[in-house]
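To start, the structure itself, in structure tokens.
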Amino acid sequence: MSHFVAKSVENLRPSGIRRYFDIAAQMDDVVSLGIGQPDFTTPRHIIDAGVDSLYAGDTGYTSNSGTLALRQAVSQYIQRLYNVKYDAQEQILITVGVSEALWLAMKAILNPGDEVLVVEPCFVSNPAAVEMAGGVPVIVPTYAENNFEVTGADLEARITPRTRAILINYPNNPTGAVLTRERMLELAAVAERYDLVVISDEIYERLVYNAQHVNFASLPGMYERTVLLSGMSKAFAMTGWRIGYAAAPPELMAAMRKLHQYLIMSAPTTGQAAAVEALLNGDEDVEHMRQRYDARRQLIVEGFRALGFACIEPRGAFYAFPNIAFTGMSDEEFCERLLLEDRVALVPGSAFGDSGKNFVRASYATSEANITEALHRIARFLKRHNCLIEPAQTIA
């Protein structure tokens with residue numbers, strides 16, 4: 381039956397993350413630093429709000445755009461954090477996670493063959509979303525030497541007459557990079573100069589350390605050309621509730637809503653009720669989790685560096701991105717052998733594009749005990765392969 385599969389689907393590269401999860405699932409005693417998911421349970425008052433909605437009989441569809449209560453909560457939330465005002469009726473759409481919102485944004489703005497500048501390393505969905513919408517992803521690499529920060533010059537060098545949009549994700553998955561306001565203004569100047577739309581995935585906006593997150597739509601002149609994407613999954617530990625949102629100028633939002641109503645109808649009703657509670661009353665929970673992530677961040681970065689890995693300081697999200705080139709292995713070989721020999725699951729950097737080669741992604745959305753155990757096992761692995769630069773005793 382393979383001849384029935386569309387070429388556009390056949391040509392999509394499979395997720396480079398999935399393979400290592402599948403191997404780990406068949407093994408015992410694996411310490412996983414691979415999954416980008418909070419290890420915290422959704423805070424109880426948020427769960428209760430979802431449960432209460434079920435007992436109240438709210439089990440049907442909502443408006444295509446999402447409940448008005450949630451859209452109003454999103455509007456208030458963005459205004460409170462960034463002093464940016466979106467109309468709850470016309471400019472906000474509740475989606476099934478940011479993944480749906482990303483595809484909707486691409487499909488709404490792209491004609492076949494249009495190009496999108498995709499900053500890399502990036503989450504595996506980003507170039508795929510462009511391709512699935514009929515566009516062409518044009519990769520803009522970033523490098524550890526610049527802390528994986530994209531510059532205006534990087535973008536401008538890859539613009540062609542077919543360039544339609546820029547896709548950015550800061551704080552970044554997988555590198556943990558955060559852009560300063562000055563750097564963001566460089567990107568904004570390019571968008572304005574070439575009349576481009578900017579799709580800004582800010583799902584990790586609340587998880588920053590020793591840094592300040594800059595909302596792209598808040599920059600001068602960018603409100604009118606930004607599609608802002610975010611959601612509940614990361615900051616509020618609500619991955620399984622599948623609630624994301626998009627905010628955009630009315631014309632772009634109308635196009636996205638049209639696609640959404642045919643594709644989805646509406647996001648999960650129970651998740652929407654829980655999301656209202658999270659946005660209105662969840663700040664203390666977010667700060668508690670952020671502080672815990674910060675402690676883990678310091679533990680894992682110091683641990684990698686003690687073992688000889690070059691590792692930039694991740695200032696956002698919950699990932700470290702150490703360089704494994706000194707081992708003489710490729711990132712894929714390193715991850716596979718480490719998993720099979722010492723049962724530590726990481727993700728090869730090349731899964732996030734060619735810019736990620738020779739790096740691995742390590743999630744610190746897990747306990748300090750798991751991080752410490754993983755570092756001990758990695759030290760053992762390095763020693764066995766004569767790559768250990770510093771003794772394992774340096775790991776607390």
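Offset between the sequence shown (1-based) and this note's numbering: plus 380. Yeah, the Cβ is synthetic: ideal placement off N, Cα and C, and Gly gets one too. Quantities reported herein were computed from a predicted structural model and do not represent experimental measurements.
Consult DSSP for residue i and reduce its assignment to one of helix, strand or coil.
i	result
phenylalanine 689	coil
glutamate 500	strand
proline 630	helix
serine 646	coil
alanine 557	coil
alanine 386	coil
proline 507	helix
aspartate 665	helix
alanine 772	Residue confidence for alanine 772 is low, a pLDDT of 38 falling below 50, so the modelled location carries little weight and cannot support an answer.
tyrosine 673	helix
valine 520	strand
phenylalanine 732	helix
alanine 658	helix
asparagine 703	strand
valine 530	coil
serine 743	strand
threonine 619	helix
valine 570	helix
threonine 540	coil
serine 598	helix
alanine 749	helix
tyrosine 584	coil
tyrosine 603	helix
leucine 608	strand
leucine 719	helix
Exposed or buried, what is residue i when buried is set at 16 or more other beta-carbons lying within 10 Å of its beta-carbon?
i	result
alanine 749	exposed
phenylalanine 739	buried
valine 385	exposed
histidine 425	exposed
histidine 849	Summary: the structure shown does not reach residue 849, with the chain confined to residues 381 through 776, and so no result is reported for it.
arginine 563	buried
valine 510	buried
threonine 522	buried
lysine 487	buried
methionine 633	buried
isoleucine 579	buried
aspartate 534	buried
alanine 759	buried
valine 680	Sequence check: residue 680 is isoleucine here, not valine. Buried.
threonine 439	exposed
arginine 570	One point to set straight first is that residue 570 is valine, not arginine, in the sequence displayed. Flag for valine 570 reads buried.
aspartate 402	exposed
isoleucine 769	exposed
aspartate 581	buried
arginine 460	exposed
arginine 542	exposed
methionine 636	buried
glycine 446	buried
valine 389	exposed
methionine 618	buried
glycine 624	buried
aspartate 428	exposed
glycine 620	exposed
Please list, in chain order, all residues of the same chain as residue i whose beta carbon is under 6 Å from its beta carbon, the five residues on each side excluded.
i	result
tyrosine 584	Pro551, Lys614, Gly696, Ala697
glycine 736	Pro501, Gly729, Ser730
leucine 413	Leu726, Ala742, Ser743, Ala754
arginine 561	Val594
leucine 777	Within the shown structure, residues of the chain are numbered from 381 to 776, placing residue 777 beyond reach of any answer.
lysine 387	none
alanine 468	Arg451, Gln452, Ser455
glutamate 536	Val570
aspartate 777	Lying before the first or after the last residue shown, residue 777 is absent from the chain, which here runs from 381 to 776.
valine 627	Note that residue 627 corresponds to alanine in the displayed sequence, not to valine. Tyr466, Gln471, Ile472, Leu608.
leucine 659	Ala453, Tyr457
proline 771	Confidence at proline 771 is low in this model, with a pLDDT of 44, below 50, so the placement of that residue should be treated as unreliable; the coordinate-derived value is given next. Nothing listed; no residue qualifies.
Starting from the C-beta of residue i, find all residues in its chain whose C-beta is less than 7 Å away, skip the five residues before and the five after it, and write them out in chain order.
i	result
arginine 527	The sequence shown places asparagine at residue 527, rather than the arginine named in the question. Correct list, in chain order: Ala557, Ile692.
methionine 407	Arg723
serine 601	A small correction: the amino acid at residue 601 is glycine; serine does not occupy that position in the sequence shown. Same-chain partners within the cutoff: Ala568, Glu572.
threonine 442	Ser646, Thr649, Gln652
Excluding sequence positions up to five away, which residues of its chain have a Cβ less than 8 Å from the Cβ of residue i?
i	result
glycine 514	Lys487, Leu490, Asn491, Pro492, Gly493, Asp494
glutamine 773	Since pLDDT at glutamine 773 reaches only 38, below the 50 mark, its modelled position is unreliable, and no value is offered.
Of all Cβ atoms in chain D, is any one closer than 8 Å to the Cβ of residue i?
i	result
aspartate 534	The structure shown has no chain D; it contains just one protein chain.
### Task
With a floor of 4 residues, list each alpha helix (DSSP H) that falls wholly inside the segment 391 to 444, ordered by position along the chain.
Listed in chain order, the complete alpha helix (DSSP H) runs (minimum 4 residues) inside the segment 391 to 444 are 398 to 405, 424 to 435.
### Task
Count the C-beta pairs between the segment 614 to 627 and the segment 401 to 421 that are closer than 8 Å, then say yes if the count reaches three, no if not.
Contact between the segment 614 to 627 and the segment 401 to 421 is present: three or more C-beta pairs spanning the two stretches fall below 8 Å.
### Query
Just checking, does the segment 513 to 520 make contact with the segment 482 to 499 on the three C-beta pairs under 8 Å criterion?
They touch, by the three-pair rule.
### Query
On the three-pair Cβ rule with 8 Å, is the segment 455 to 469 touching the segment 428 to 440?
Under the Cβ criterion (8 Å, minimum of three pairs), the segment 455 to 469 does not count as touching the segment 428 to 440.
### Message
Across the segment 667 to 682 and the segment 645 to 656, are there enough close Cβ pairs to call them in contact, namely three or more that are closer than 8 Å?
### Response
No: fewer than three Cβ pairs fall under 8 Å.
### Query
Can at least three beta-carbon pairs, one atom from the segment 457 to 476 and one from the segment 633 to 652, be found at a separation below 8 Å?
The segment 457 to 476 vs the segment 633 to 652: in contact.
### Query
Counting only runs that start and end within the segment 445 to 493, where is the alpha helix (DSSP H) found for 4 or more residues in a row?
Complete alpha helix (DSSP H) runs here, min 4: 448 to 462, 477 to 489.
### Query
So does the segment 755 to 765 actually touch the segment 702 to 722, counting three or more Cβ pairs closer than 8 Å?
Taking 8 Å as the limit for Cβ pairs, the verdict is that the segment 702 to 722 does touch the segment 755 to 765.
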